[in-house]
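Undergrad:
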Amino acid sequence: MNTTAQKSSTSHPRPTLEQLRAQDAWRRAEVVKNESGQKYDKYVDAAKALPALIMNSGLMQVLAFCQEKGQKESGWHYGRVAADLRDWLQQRFPQRFPSAEFEPFMNQLMQASPQDFQAITAEAFAWLRWLRQMASARQGRD
Numbered sequence: 002m003n004t005t006a007q008k009s010s011t012s013h014p015r016p017t018l019e020q021l022r023a024q025d026a027w028r029r030a031e032v033v034k035n036e037s038g039q040k041y042d043k044y045v046d047a048a049k050a051l052p053a054l055i056m057n058s059g060l061m062q063v064l065a066f067c068q069e070k071g072q073k074e075s076g077w078h079y080g081r082v083a084a085d086l087r088d089w090l091q092q093r094f095p096q097r098f099p100s101a102e103f104e105p106f107m108n109q110l111m112q113a114s115p116q117d118f119q120a121i122t123a124e125a126f127a128w129l130r131w132l133r134q135m136a137s138a139r140q141g142r143d
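In this note's numbering, the protein residues as written are 2 to 143.
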């Protein structure tokens, strides 16, 4: 009996980074939709807006903007998308970000090398692409 062939047919390949991003975005969109009900559309709008905001103003400025907006009930959706993004980035760069909490996260971003900052920003865009799609796809589901 060939054990190599047997192993490959029963083992699951590791998910790609794109699959991990998609899974994470799908799960987060599901959680927010279940928690927010009728207000879910605001989360979708924020998910769609963040990439353009980051392109125009930069990652740190947008995270600060979202933190400020998220402190008010009317801006909860900005705070939630930013918290979800920080959490994903903390998972992807655990040595850089020991915490996804706003202040420690921002302090670590300020200390990042230009190369690290560029990689973190690129990862933010890649994950937000998935969140935009997954959050929007969940919009019509009950």
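Yeah, the Cβ is synthetic: ideal placement off N, Cα and C, and Gly gets one too. Keep in mind it's a predicted model, so treat the numbers as computed, not measured.
What is the rounded straight-line gap between the Cα of Gly1 and the Cα of Ser37?
TA: Because the chain is modelled from 2 through 143, residue 1 falls outside the range shown and cannot be assessed.
Undergrad: When the cut-off is 7 Å and only beta carbons count, does Lys70 lie next to chain B?
TA: Of the protein chains in the structure, only one exists, and it is not chain B.
Undergrad: Excluding five sequence neighbours on each side, which residues of the same chain lie with their C-beta closer than 6 Å to the C-beta of Gln91?
TA: Sequence index remark: in the sequence shown, residue 91 carries index 90 (1-based). Cβ within range, chain order: Phe98 and Ala101.
Undergrad: With distance defined between alpha-carbon atoms, name the residue in Arg15, His13 and Ala23 nearest to Glu124.
TA: Along the sequence shown, read from residue 1 onward, the residue named residue 124 stands at position 123. Residue Ala23 is the option with its Cα nearest to Glu124.
Undergrad: Return yes when the Cβ of Arg139 is within less than 7 Å of the Cβ of Lys34, no when it is not.
TA: Walking along the sequence shown from the start, residue 34 turns up at place 33. Walking along the sequence shown from the start, residue 139 turns up at place 138. Yes; because the gap between Cβ atoms is below 7 Å, this pair is in contact.
Undergrad: Extract the residue ranges of the alpha helix (DSSP H) inside the region 61-137, only unbroken runs of 4 or more that lie entirely within it.
TA: For the region 61-137, whole alpha helix (DSSP H) runs of length 4 or above, ordered along the chain, are 77-93 and 103-112.
Undergrad: Classify Gly59 as helix, strand or coil using the three-state DSSP reduction.
TA: As a working mapping, residue 59 is identified with position 58 in the sequence shown. The answer is coil: DSSP assigns Gly59 none of H, G, I, E or B.
Undergrad: Check Ser12 in the structure and name its three-state DSSP category.
TA: In the sequence shown, the residue the question calls residue 12 occupies position 11. In this structure, Ser12 counts as coil in the three-state DSSP scheme.
Undergrad: Is it buried or exposed for His78, if we count other Cβ within 10 angstroms and need 16 for buried?
TA: The residue you call residue 78 lines up with position 77 of the sequence shown. It counts as buried.
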